[in-house]
Amino acid sequence: MPEINNSGVNMYFAINYCNAYLITASSSTFAWWIGFLMPEEVPIFYYNCHLECIHIKKKDYFLPKWKGINYNYLGKLKFV
């Protein structure tokens with residue numbers, strides 16, 4: 017599959033063809049808009065950033081239905 021370097025095409029593809037969405041760059045406004053525009057039934061997960069996100073209030077930035085994820089001290093994935 018060829019790499020697409022067009023932000024609009026990438027956003028369109030994600031919104032219309034993904035059945036789940038993982039935001040790994042939690043403070044990315046581009047990723048936030050994709051998550052915001054996703055259909056209601058699509059589960060959205062975000063990396064529960066700590067020091068990288070000190071400039072944002074998580075409860076104001078991440079929508080309530082979005083699920084935060086992180087790793088515990090054993091390296092296992094956990095929901096927060």
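No gaps in the numbering here: position 8 of the sequence shown is 24 in the numbering used here, and each next residue is one more. We put the CB at the ideal spot given by N, CA and C, even for glycine.
Item	Value
Bridge partner(s) assigned by DSSP for Tyr-77	Partner(s): none; Tyr-77 has no beta bridge.
Residue interval of the alpha helix (DSSP H) (run including Asn-26)	23-33
Nearest-angstrom beta carbon gap, Ile-85 and Tyr-63 [assumed within contact, 8 Å]	6 Å
Member of Asn-35, Val-96 and Ser-43 whose CA lies at the smallest distance from the CA of Val-58	Asn-35
Coarse secondary structure for Gly-91, derived from DSSP in three states	coil
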